[in-house]
Amino acid sequence: MASGKSWAARSAAVLTVLAASAGCVAGGDGDPESGTGRTSSPAASASPVRPQGPPGALPRPGEVSRIPPASDGLPPVISSIPTRRKVVFLTIDDGWEQDPGFLAQVRERRISIAAFVTRDAVEARGAADPTAQGGRFLGAGKWNYMRDLREAGATIENHTLTHPNLPTLGYERQKAEICGTSRLIRKHIGSAPALFRPPFGNHNALTRRAAKACGIDALLLWTATVQPGGKIAYQVPDKKLRPGDVLLLHFRPNLSRDFRILVDKIKRRGFEIGNLDAYLKAATGGSR
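Under the numbering used here, the final residue of the sequence shown carries the number 1194; numbering is consecutive throughout.
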């Protein structure tokens, strides 16, 4: 298990390589491989001006339909964003494989992503999830990595402490799992999460009650999953991306490679990657 210091060194090395490879290429869309707007002219030797504001596509006025509040006053369960625009949303779960190349892409390409983390994954407690075993960066940066993701524009959201099947637990244990994670995120990241993703997508009325008690605004599920190699596994018969889809990735081995394949595939199909936070605000009338 690598230390935070060794992870930081590897991360810096990845960013150095990206910057070096970009130095003589005219930039395009913020891709680190395209130079992020740099040229080889002397005038371009200074650090480029980075775009301001949140990453990802933002909703246009009147674009997003409203998601009505739940009739029982508890956090709603949301699986997709009500829009006709060709925009999808990227989310990533757990936190085991803390790949510096993935972080570099989020930062340099300004890709909007929401990370739903568990304590055990971020801190590499116990045996890694089977899908994460064999990774090179298991728990390599721990909460420092998540802070860097947050500084790169990602949001850090709640996925419980230990990844249990919540409906098998009573109210108090569910609350402990959710509130405990929110406290950790506030402590290490600086702000409490507003979104919660139940492990396996499983939840019941007690889950929503506990989530509300922990300050959660909504439970977010998904409409498609991303498998190794950047392959998209759809939950619809036509096997196509649809406007408003929420895609679920995991912090798995080869994350940097698979993420690059996925992002390029989404763009080839004519979709933008949306800013989930901004779209949810538009859909619910809420604020973070």
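Ideal Cβ placement from N, Cα and C applies to all residues, glycine included.
{"Check": "Residues in the same chain with beta-carbon distance under 6 Å from G1107, minus the five sequence neighbours each way, listed in chain order, please.", "Outcome": "L1127"}
{"Check": "Which of helix, strand or coil does DSSP assign to A1011?", "Outcome": "Residue identity differs from the one stated: residue 1011 is Gln in this sequence, not Ala. It is helical."}
{"Check": "Assign V1142 to buried or exposed, taking buried as 16 or more other Cβ atoms, counted over all protein chains shown, within 10 Å of its Cβ.", "Outcome": "exposed"}
{"Check": "Let's see if you can read the secondary structure: which residues bound the alpha helix (DSSP H) around E1083?", "Outcome": "Y1077 to I1095"}
{"Check": "What separation, rounded to the nearest whole angstrom, lies between the Cα atoms of R1163 and Q1004?", "Outcome": "13 Å"}
{"Check": "Around the Cβ of R1158, are there at least 16 other Cβ atoms within 10 angstroms (buried) or fewer (exposed)?", "Outcome": "buried"}
{"Check": "With the cut-off set at 8 Å, would you say P1204 and L1125 are in Cβ contact?", "Outcome": "Examination of residue 1204 is not possible in this model, given that the chain is present from 907 through 1194 alone."}
{"Check": "Would you kindly work out how many angstroms separate the C-alpha atoms of N1071 and C1120, rounded to a whole number?", "Outcome": "18 Å"}
{"Check": "How close, in whole Å, do the beta carbons of L1154 and F995 come, if the pair is a contact with beta carbons under 8 Å?", "Outcome": "The pair is not a contact, with the Cβ atoms about 10 Å apart (cut-off 8 Å)."}
{"Check": "Locate the alpha helix (DSSP H) running through F1165, then write down its first and last residues.", "Outcome": "L1161 to R1174"}
{"Check": "Could you check the C-alpha separation between H1065 and I998 for me, to the nearest Å?", "Outcome": "10 Å"}
{"Check": "Kindly confirm or deny that the region 1096-1104 and the region 1046-1064 touch, where touching means at least three C-beta pairs closer than 8 Å.", "Outcome": "yes"}
{"Check": "Considering just the uninterrupted stretch of the beta strand (DSSP E) at D1000, what are its terminal residues?", "Outcome": "V993 to D1000"}
{"Check": "Starting from the C-beta of N1181, find all residues in its chain whose C-beta is less than 6 Å away, skip the five residues before and the five after it, and write them out in chain order.", "Outcome": "P960, G962, L964 and S1018"}
{"Check": "Put K1137 into one of helix, strand or coil per three-state DSSP.", "Outcome": "strand"}
{"Check": "Mind checking T977: buried by the 16 CB within 10 Å criterion, or exposed?", "Outcome": "The displayed chain sequence assigns Ser, not Thr, to residue 977. Flag for S977 reads exposed."}
{"Check": "Could you check where the alpha helix (DSSP H) with T1113 kicks off and where it finishes?", "Outcome": "A1111 to A1119"}
{"Check": "Is the beta carbon of A1189 sitting closer than 8 Å to the one on V983?", "Outcome": "no"}
{"Check": "I'd like to confirm the pairing. Which residues does DSSP put opposite A1058 in its beta bridges?", "Outcome": "Looking at the DSSP assignment, A1058 forms no beta bridge with any residue, so it has no partner."}
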